[in-house]
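Following: one structure in structure tokens, then a few remarks.
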Amino acid sequence: MRLLLNKIVLLLSTLSALIGLAFLAWILFTLIGKGLSSLHFSLFLNDLIDGGLRNLIVGQFIMAGIASLIGIPVGMMAGIYLQEYGRGRYVRFIRDLSDIMMSAPSIVIGAFVYAIVVVPMHGTSGIAGSIALSIMMIPIVINTTDNMLSLVPRELREAGIALGASKSRVIVDIIIKAAKVGIMTGLLLSFARIIGETAPLLFTSETSNYFSVNLTEAYPSLTVSIYALANDPTSSSRDLAWAASFILTMMVLMINLLGRYITRKKG
Amino acid sequence: MPIMSVEDFSFTYAAAPARSLNSINLPIKKNSITSLIGPSGCGKSTLLRSLNRMHDLYTNNEYEGRLMLLNETTLEMENILDIKKENEFIQLRQRVGMIFQKPTPFPMSIFDNVAYGLRLSGIKNKTELKDRVEDALKGSALFGEVSDRLNKSAMGLSGGQQQRLCIARAVALKPELLLFDEPTSALDPISTAAIEELIVELKKDVSVAIVTHNMQQASRISDYTAFMYLGDLIEYGETEQIFLNPREKKTEDYITGRFG
Amino acid sequence: MMEKLFKTLSFMSATLVMVLLASIFISLFNSAKPAIDEFGIGFIKEKEWGKEVPIDNPVSTVVDTTEQKKVEPAPASDDSLEALLGGGNDDTPMKTIYGGFIPIVGTLLSTLIAMAFALPIAMGIAVFLAEIAPKKISNVVGIAIELLAAIPSIIFGMWGLFYFAPLVQELVGGYQVSLLTAGLVLGVMILPFMAAITRDSMKTTPDVLKESAYALGATKFEVIRDIIFPYSKAGIIGSIILALGRALGETMAVAFLIGSVFSLPSALNSPTVSIPVAMANSFGEATGMKTSALFYLAFLLFIISFSVISVAKFYFLRKDK
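Chains as they are written, first to last, in this note's numbering: chain Z, 7 to 273; chain B, 93 to 352; chain C, 99 to 419.
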């Protein structure tokens, strides 16, 4: 009886894992099947207005890139404060807030940026989209930096101080270097996370059919356009949405795997 | 008469380049205490954990040779390495109990900790459970200290009490052989003395094999001692002989503290 | 000098988190203020969204009557259209009512379905990864599950709309876009996240504790039930609540499927709307009071998810406990 129960539970558990894998396989095969059949090299050369995806891919990368330029330094500095400078309750408080912010609904972040950027600027813009993504990114980077720095042994800090280096020098030259691999991986994963976001961009950057380097106007976004294209009844739009989804997912998964690879190789 | 007899026993960890134990031959005698000593990495814990096949919780480890366990009803020796079925493993582990380096109270009450193994073995009758738990706690010299808080969490006990609770938990199943893996290394001297006393007391009912770092402990409590080095059994004999009159140079060097 | 600057910058960055969260709270509240003033707390149980009703207390009766007289000769077709729109006529001063009941219920129900679907499977996967699978398989499957968790939610939505929903419809009937399909796709989306963090919690159980149970003759299932679950209980519950928080605030996986209609679902397989989806689909063209009402919804969602996550973090997942 005990053994039977044991067998049943182990079987159910293995079955769950198979279900999980089946979903992954189903989604990936759908993407590859639908995506590859609609994928064409010209998609990378033309903008959406001519039936291509070039402006959307570039736009998504530019917004995620700007978000990283804001989010990475701010997040890392905050992580450094939590681990190296701060003490006691304030650190715990900020850490908790950051954790909460990490789980805040992304559409709410979008609404917030709409209120503080889109409304005063009288319109959606690449800047607003980038800001929304950077707000998504900051707590993720804080979490990564905080965790990775906490793994650096205390002796390393003391050894640096004992050599007469200033605290900021020790942090920059020794501690960050020691935690480099983990932080790099974390940054890649956080970039992968924000580049696939849709909800915070819906009413901040919106999207655009044209190639644009002007960040003060509605800005091309791959994810927002996927949403629009997929809801469009024409089959050519849907095919384009699948191709875009395929490209987006591959980018996200590649960046993810790259991050894991770095950790495996050097960590 | 040995309760267990280790015969030409070798052991290799999964994916390890070399054997961790080389062709060990060793008897574990009935109603006596056998201690395994040797420097870190000599394989004494590996050997101990083979005796109830704890290694099988992790895959791809390799056993060679025989581990013969006395069947007390038929009085025949049976090779525990032949065990393949889950229920045979369960029986083996109920017959050969184990106490670990650090106390391992389960996240439940004191009573439930001791009753845990009993319940698993199918005892449901409340009075019987209560009696067996009390007996085990008394047998582990803990009953007096905890009798008024049996339903409180075991996590509230001191380290020494927790370790005696773990012994009670193992003893409750009435095992034939008890394996101790450095049971006092995480404890203070007073708790250590209490555990040592308890182990000596236990050998009336159960055979004991103990791995220890502490040579004084081995000489104080054990009847037989095996000295191991780099996966080999160097010397085995009565404790007195090993400590006072070792035959092997290595044993003497270790006991006199020249290495280790 | 450098030293001071570096330290100050790091302090300011950390403090920015607090400033940001406070700003989110304040700006959502401010933008929602007109709707909060207009509808009060009754907003959460008001079932109408965008219904025009006559203003109860007209400012001036004189203006009112003259305008009503003008309207009387209006053609019949107009009348029927007005009746369709909820009665009243052109010149009665009207106001539009916005209530949050339907999107709030939609959010809660879709999350509930997602949790009911994902929870048992996620627990199974976590147990498989932490306890059952040999190390190599556990690593490979673990990475696969984490990759599934990394797939952008919009992909789940699309796949759900075009592939999963038709299958569900075939099995249970009803509409393809419905509370049920939205909840299930949401469940598929939070499944890997829940499984991965639950596994991490289970893995904190010390090996030696498990071994002690095995040494008493416990089976694997008994070790999982009696040792691992009780030991990592707080972590597991925390993980489940975090996944719940994520499901509550998810937009894109649900947006394709829930139907985005402001009506109470009459059955599991009929369409409705959730807070994030209401925002995603109506925010762009909304103006005035409607925008404010959407902000009211966003504010409520923020409060709900803030509370849920706080419970998970503070009560169950305290890092430095």
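Yeah, the Cβ is synthetic: ideal placement off N, Cα and C, and Gly gets one too.
Neighbour-count burial assignment, residue i, 16 or more Cβ in a 10 Å radius
i        : result
Z:Asp152 : buried
B:Glu289 : exposed
B:Met83  : Because chain B in this structure spans residues 93 to 352, residue 83 of chain B falls outside the shown range and cannot be described.
B:Gln308 : exposed
C:Ile243 : buried
Z:Ser156 : exposed
C:Val270 : exposed
C:Phe215 : buried
C:Thr385 : exposed
C:Ala365 : exposed
Z:Thr191 : buried
B:Val98  : buried
Z:Ser43  : exposed
Z:Asp238 : exposed
Z:Asn220 : exposed
C:Lys318 : buried
B:Tyr150 : exposed
C:Val434 : Lying outside 99 to 419, the shown extent of chain C, residue 434 of chain C is not represented and no answer is given.
C:Pro152 : exposed
Start-to-end residues for the alpha helix (DSSP H) that takes in residue i
i        : result
Z:Phe99  : Gly94 to Met108
C:Leu126 : Met100 to Phe137
C:Ile202 : Phe199 to Val225
C:Ser380 : Ile373 to Ser380
Z:Ser231 : Leu228 to Ala236
Z:Pro145 : Gly132 to Ser156
C:Ser330 : Taken as a continuous stretch (DSSP letters only), C:Ser330 belongs to no alpha helix (DSSP H), as it is neither H nor E.
C:Ile142 : No alpha helix (DSSP H) holds C:Ile142; DSSP gives it neither H nor E.
B:Asp204 : Ile202 to Leu212
Z:Leu208 : No alpha helix (DSSP H) holds Z:Leu208; DSSP gives it neither H nor E.
Z:Gly202 : Run containing Z:Gly202: none; DSSP gives neither H nor E here.
Z:Met69  : Arg60 to Ile86
C:Asn237 : Lys233 to Ala248
C:Asp298 : Leu277 to Met300
B:Thr138 : Lys136 to Ser142
For residue i, the first and last residue of its enclosing beta strand (DSSP E)
i        : result
B:Leu113 : Leu113 to Lys121
Z:Leu45  : Counting along the chain, Z:Leu45 falls outside any beta strand (DSSP E), and DSSP gives it neither H nor E.
B:Met247 : Where B:Met247 is concerned, there is no enclosing beta strand (DSSP E), given that its DSSP letter is neither H nor E.
B:Ser299 : Ser299 to Val303
In DSSP terms, what residue i is bridged to
i        : result
B:Asn171 : B:Met160
C:Lys193 : C:Val151
B:Pro94  : B:Lys121
B:Ala228 : None, per the DSSP bridge assignment.
B:Val188 : B:Leu269
B:Ala318 : B:Leu128 and B:Tyr328
B:Glu99  : B:Arg158
B:Thr104 : B:Glu154
C:Thr370 : C:Gly357
Whether residue i touches residue j by CB criterion (8 angstroms)
i        : j        : result
Z:Asn262 : B:Glu178 : no
C:Ala313 : B:Leu212 : no
B:Gly323 : B:Cys134 : yes
Z:Ser109 : C:Ser403 : yes
Z:Ala138 : Z:Val158 : no
Z:Ser174 : C:Phe381 : no
Z:Ala198 : Z:Thr213 : no
B:Pro199 : C:Tyr329 : yes
C:Phe400 : C:Ile339 : no
Z:Ser74  : Z:Met143 : yes
C:Ala378 : Z:Ile113 : yes
C:Ala130 : C:Ser390 : yes
Z:Val64  : Z:Thr210 : no
The ligand HEM heavy atom lying under 7 angstroms from the CB of residue i
i        : result
B:Thr304 : Of the ligands one can find in the structure shown there are none, so the ligand HEM has no counterpart to examine.
Does the contact criterion of 3 or more C-beta pairs under 8 angstroms hold for the segment 275-285 of chain B versus the segment 210-228 of chain B?
Too few Cβ pairs lie closer than 8 angstroms, so no.
I want to know whether the segment 365-373 of chain C touches the segment 194-205 of chain C - three or more CB-CB distances under 8 angstroms.
yes
Cβ contact check for the segment 128-143 of chain Z and the segment 61-70 of chain Z: 3 or more pairs under 8 angstroms
Counting Cβ pairs under 8 angstroms, three or more are found: they touch.
Would you say the segment 15-33 of chain Z touches the segment 240-254 of chain C, given that touching needs at least three Cβ pairs under 8 angstroms?
Taking 8 angstroms as the limit for Cβ pairs, the verdict is that the segment 240-254 of chain C does touch the segment 15-33 of chain Z.
Counting beta carbon pairs with one atom in the segment 267-274 of chain B and one in the segment 232-241 of chain B, are three or more of them shorter than 8 angstroms?
no
Is it a yes or a no for the segment 169-184 of chain B touching the segment 119-129 of chain B, going by three-plus beta-carbon pairs under 8 angstroms?
no
Can we say the segment 120-128 of chain Z touches the segment 165-172 of chain Z, given the rule of at least three CB pairs closer than 8 angstroms?
no
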